[in-house]
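If you read the sequence shown in the numbering used here, its first letter stands for residue 7, the second for the next number, and so on. Ideal Cβ positions, reconstructed from N, Cα and C, are used throughout, including at glycine. None of these values were measured; they are calculated from a predicted model. For reference, the structure discussed in these notes is given below.
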Amino acid sequence: TSGDGAYGTSLKKYQDRLVEIMTDVLLNPAFKQEELEKIKTEKKNELSLAKDQPEAIMQRVRGAVLYGKDHPYGEITTAKTIDNITTDRIRQHYNTYFRPNIAYVAFVGDITLAEARALTEKHFAKWQRGNVPVPSYPTPKAPAQTRVVLVDKPGAVQTVLSVAYPVDFKPGGPDAIKAGLANDIFGYGGFSGRLFQNLREKRGYTYGAYSSLRSDRLVGSFGAGGSMKTNVMDSAVAEILGEMRRIRDVAVTPAELQQTKNIRNGTFVQSLESPQTIASFALNAARYKLPADYYANYLKNVAAVSVADVQAMSRKYIMPENAYIIAVGDASALADKLKQFGPVERYDAEGNKAEASAAATPAGLTADQVIENYVKAIGGKENLLKIRDMTTNLAASVQGMDIVGVQQRKVPNKMSMSMKIPSMGMEAMKLTSNGSRVMVASMGNSQEMQGKDLESAKVMNTLFAELYYDQLGVKRTLAGTEKVSGTDTYKLELELPGGSKVTEYYDTKTGLKVRQIATQETGTQTTDFSDYREVAGVKFPYLLNTTFGPQTVELKVTSVEVNKMLGDDLFEVK
7 TSGDGAYGTS LKKYQDRLVE IMTDVLLNPA FKQEELEKIK TEKKNELSLA KDQPEAIMQR
67 VRGAVLYGKD HPYGEITTAK TIDNITTDRI RQHYNTYFRP NIAYVAFVGD ITLAEARALT
127 EKHFAKWQRG NVPVPSYPTP KAPAQTRVVL VDKPGAVQTV LSVAYPVDFK PGGPDAIKAG
187 LANDIFGYGG FSGRLFQNLR EKRGYTYGAY SSLRSDRLVG SFGAGGSMKT NVMDSAVAEI
247 LGEMRRIRDV AVTPAELQQT KNIRNGTFVQ SLESPQTIAS FALNAARYKL PADYYANYLK
307 NVAAVSVADV QAMSRKYIMP ENAYIIAVGD ASALADKLKQ FGPVERYDAE GNKAEASAAA
367 TPAGLTADQV IENYVKAIGG KENLLKIRDM TTNLAASVQG MDIVGVQQRK VPNKMSMSMK
427 IPSMGMEAMK LTSNGSRVMV ASMGNSQEMQ GKDLESAKVM NTLFAELYYD QLGVKRTLAG
487 TEKVSGTDTY KLELELPGGS KVTEYYDTKT GLKVRQIATQ ETGTQTTDFS DYREVAGVKF
547 PYLLNTTFGP QTVELKVTSV EVNKMLGDDL FEVK
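Given below as structure tokens:
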């Protein structure tokens with residue numbers, strides 16, 4: 007089942023039983039509270055994992071920008087919207103919209119029309135008709151001129167880019183096949199697409215660049231882009247816009263068109279092997295009122311598309327001057343690069359227009375003063391120096407699995423960190439540092455840190471390293487102010503021994519550290535700090551949201567213990 011239908015398959019001799027089971031599911035749903043709670047938990051876990059992934063952020067922001075958050079295609083699912091769902095609301099939705107007068111039934115297989123009709127009348131007879139409301143929505147339009155939308159993903163070395171806009175493009179309409187072939191040539195046709203050939207093969211900006219022209223009964227969309235190297239983002243945007251103009255202004259070659267037809271023909275013929283695809287063809291024909299011979303004549307209609315047709319469709323649907331240029335990446339490295347394409351509008355990761363820029367940096371303020379204010383905010387140097395060791399217990403949930411962790415630290419820079427999965431009886435990760443060596447073990451594989459990562463770890467493992475930046479050789483620069491989740495912060499750029507970079511953000515009002523971005527040879531790790539609580543006169547963050555690559559983990563501190571006289575054997579590197 008899905009939100010808008012059900013599908014099943016069986017041997018012919020079981021077809022009566024199959025339809026009986028399907029209609030039982032359709033007509034007699036239980037909607038049990040315990041099942042809903044389980045699904046809610048799963049959905050929230052999925053949201054948490056995807057929260058800070060650039061591709062997921064792009065999906066949310068793109069929908070909000072193209073359609074508006076009041077349009078069903080622009081709505082964003084959050085933990086709050088999931089919590090709003092109740093079994094009563096589900097029943098109300100079911101009783102309103104699951105009605106036979108707006109339903110289609112398709113049978114594909116060794117079955118006659120008479121048999122199909124008999125099965126339908128036998129098993130669906132009790133399904134009651136009802137009045138089904140038909141909501142209407144304003145049709146989103148492409149922007150009058152190019153607009154640039156930027157979502158900050160601090161420290162990201164890759165930028166997810168989409169040049170996109172809504173378009174009136176109906177399923178199975180007169181333009182469907184011709185416009186589809188135009189888009190295939192432009193960027194959908196795999197390795198042969200112009201975007202792929204230009205941005206990957208010719209220039210090496212990305213691993214892949216593609217386009218889409220999606221039809222929809224309400225409103226379709228066009229989009230082109232991919233994950234690009236941040237340092238060439240301006241060039242990547244210029245190339246995409248250039249390719250959009252080229253396919254509009256210059257006719258494609260007959261060879262390009264024929265190659266694209268061959269690919270589409272092969273894909274279509276192969277799809278006919280799936281009964282579910284044939285069923286979808288029948289449903290499309292009914293839902294969108296297509297000609298009865300639409301799919302029977304599909305290959306003939308593909309063959310009839312001309313070079314002139316492709317250019318006409320390109321001029322109609324590919325609009326480089328009326329697009330949103332949406333980028334999810336490091337705003338500090340992108341804002342100036344993107345200004346040439348239009349005014350840069352800042353959005354947050356939930357598709358909301360970002361607040362105004364942070365307040366100006368006070369005259370004369372230095373990086374060291376920001377650090378001093380932070381030390382005072384968490385308890386003062388005197389209280390920090392009293393702590394000789396600390397043990398932090400942590401809890402998290404990753405992909406539905408509970409994880410418990412313990413971090414033990416001892417002056418000056420000894421550290422042990424263990425993350426375990428109790429349900430599996432295994433240790434997922436173990437990091438041990440004796441102050442000069444660092445060993446990382448994960449899923450049975452151990453590796454000793456070397457090079458810049460090792461030098462960085464020595465600094466990062468130092469207990470209250472902010473007190474010793476001079477001795478540790480950490481260079482620090484105040485890089486102005488910046489908004490972090492709506493909060494004005496001072497942005498500090500740190501250069502660690504060995505050349506590793508760390509960016510830290512401190513609340514301008516409280517002085518507390520709210521974010522840290524560490525860029526290492528193995529990748530970029532972003533950690534957000536919140537829920538500070540006092541232990542032994544010192545404030546520690548009890549909530550840490552950490553993102554490394556595609557993985558985001560919310561770590562909750564369950565306890566902090568200090569001065570437990572931890573032995574050096576805990577930090578022995580073997």
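Just the C-alpha distance for residue i and residue j, rounded to the nearest angstrom, thanks.
| i | j | result |
| --- | --- | --- |
| Met319 | Ala185 | 5 Å |
| Arg539 | Tyr548 | 7 Å |
| Lys345 | Pro326 | 16 Å |
| Glu356 | Thr397 | 35 Å |
| Asn389 | Ser54 | 35 Å |
| Val541 | Gln98 | 50 Å |
| Ala188 | Glu262 | 10 Å |
| Ser233 | Thr165 | 5 Å |
| Thr468 | Lys420 | 7 Å |
| Ile332 | Val71 | 9 Å |
| Asp94 | Ala150 | 43 Å |
| Gln375 | Ser8 | 57 Å |
| Ala463 | Val566 | 22 Å |
Since residue i is in the alpha helix (DSSP H), which residue starts that stretch and which ends it?
| i | result |
| --- | --- |
| Gln151 | Segment: none, Gln151 is in no alpha helix (DSSP H) and carries neither H nor E. |
| Met325 | Careful: Met325 lies outside any alpha helix (DSSP H) and carries neither H nor E. |
| Asn569 | Premise fails: Asn569 is in no alpha helix (DSSP H) and is neither H nor E. |
| Leu72 | 60-73 |
| Glu356 | No alpha helix (DSSP H) holds Glu356; DSSP gives it neither H nor E. |
| Val25 | 21-33 |
| Glu43 | 39-56 |
| Thr87 | 85-89 |
| Ser338 | 337-344 |
| Tyr13 | Taken as a continuous stretch (DSSP letters only), Tyr13 belongs to no alpha helix (DSSP H), as it is neither H nor E. |
| Leu119 | 119-129 |
Check whether the Cβ atoms of residue i and residue j lie closer than 8 Å to each other.
| i | j | result |
| --- | --- | --- |
| Val480 | Leu460 | no |
| Val444 | Val490 | no |
| Asp190 | Thr266 | yes |
| Leu400 | Gly411 | yes |
| Tyr380 | Glu472 | yes |
| Lys132 | Pro172 | no |
| Asp354 | Lys570 | no |
| Thr372 | Phe577 | no |
| Met449 | Ala434 | yes |
| Arg223 | Pro177 | yes |
| Ala329 | Ala112 | no |
| Ala369 | Asp494 | no |
| Leu156 | Arg293 | no |
| Tyr474 | Glu488 | no |
| Gly583 | Asp336 | Only positions 7 to 580 of the chain appear in the structure, and residue 583 is not among them; the question remains open. |
| Ile91 | Val334 | no |
| Ile246 | Ala257 | no |
| Ser4 | Arg68 | Only positions 7 to 580 of the chain appear in the structure, and residue 4 is not among them; the question remains open. |
| Lys507 | Thr525 | yes |
| Val559 | Thr552 | yes |
| Gln456 | Val446 | no |
| Gly504 | Lys382 | no |
| Lys18 | Gly115 | yes |
| Gln414 | Tyr13 | no |
| Ala289 | Tyr110 | Residue identity check: residue 289 is Leu in the sequence provided, not Ala. Yes. |
| Ile183 | Val308 | yes |
| Tyr592 | Phe175 | The structure shown does not extend to residue 592, since the chain is modelled only from 7 to 580, so the question has no answer here. |
Which residue comes first and which comes last in the beta strand (DSSP E) that contains residue i?
| i | result |
| --- | --- |
| Gln413 | 407-416 |
| Tyr386 | For the sequence presented, residue 386 should be read as Gly rather than Tyr. Counting along the chain, Gly386 falls outside any beta strand (DSSP E), and DSSP gives it neither H nor E. |
| Glu351 | 350-353 |
| Asp513 | 507-513 |
| Lys5 | What is shown of the chain runs 7 to 580, which leaves residue 5 out entirely. |
| Tyr496 | 493-501 |
| Leu400 | 395-404 |
The stretch 237-255 in contact with the stretch 209-217 per 3-pair CB rule at 8 Å: The stretch 237-255 makes contact with the stretch 209-217, as at least three CB pairs between them are under 8 Å.
Three CB pairs or more closer than 8 Å across the stretch 21-41 and the stretch 139-149: Pairwise C-beta distances place the stretch 21-41 out of contact with the stretch 139-149, as fewer than three of them are shorter than 8 Å.
Complete runs of the alpha helix (DSSP H) confined to the stretch 167-199 [at least 4 residues]: Runs found: 182-189.
Beta strand (DSSP E) segments (min. 3 residues) lying fully within the stretch 413-478: The qualifying runs are 420-427, 432-439, 444-448, 451-454.
Continuous alpha helix (DSSP H) assignments of at least 4 residues falling wholly in the stretch 206-258: The alpha helix (DSSP H) runs of length 4 or more contained entirely in the stretch 206-258 are, from start to end of the chain, 239-255.
Start-end ranges of the beta strand (DSSP E) lying completely within the stretch 270-319, minimum 3 residues: For the stretch 270-319, not a single whole beta strand (DSSP E) run of length 3 or above is found.
The stretch 215-230 / the stretch 298-315 touching (three or more Cβ pairs under 8 Å): Look at the beta carbons and you see the stretch 215-230 not touching the stretch 298-315: under three pairs across the two are nearer than 8 Å.
Stretch-stretch touch, CB-based, cutoff 8 Å, three pairs: the stretch 116-132 with the stretch 20-38: Contact between the stretch 116-132 and the stretch 20-38 is present: three or more C-beta pairs spanning the two stretches fall below 8 Å.
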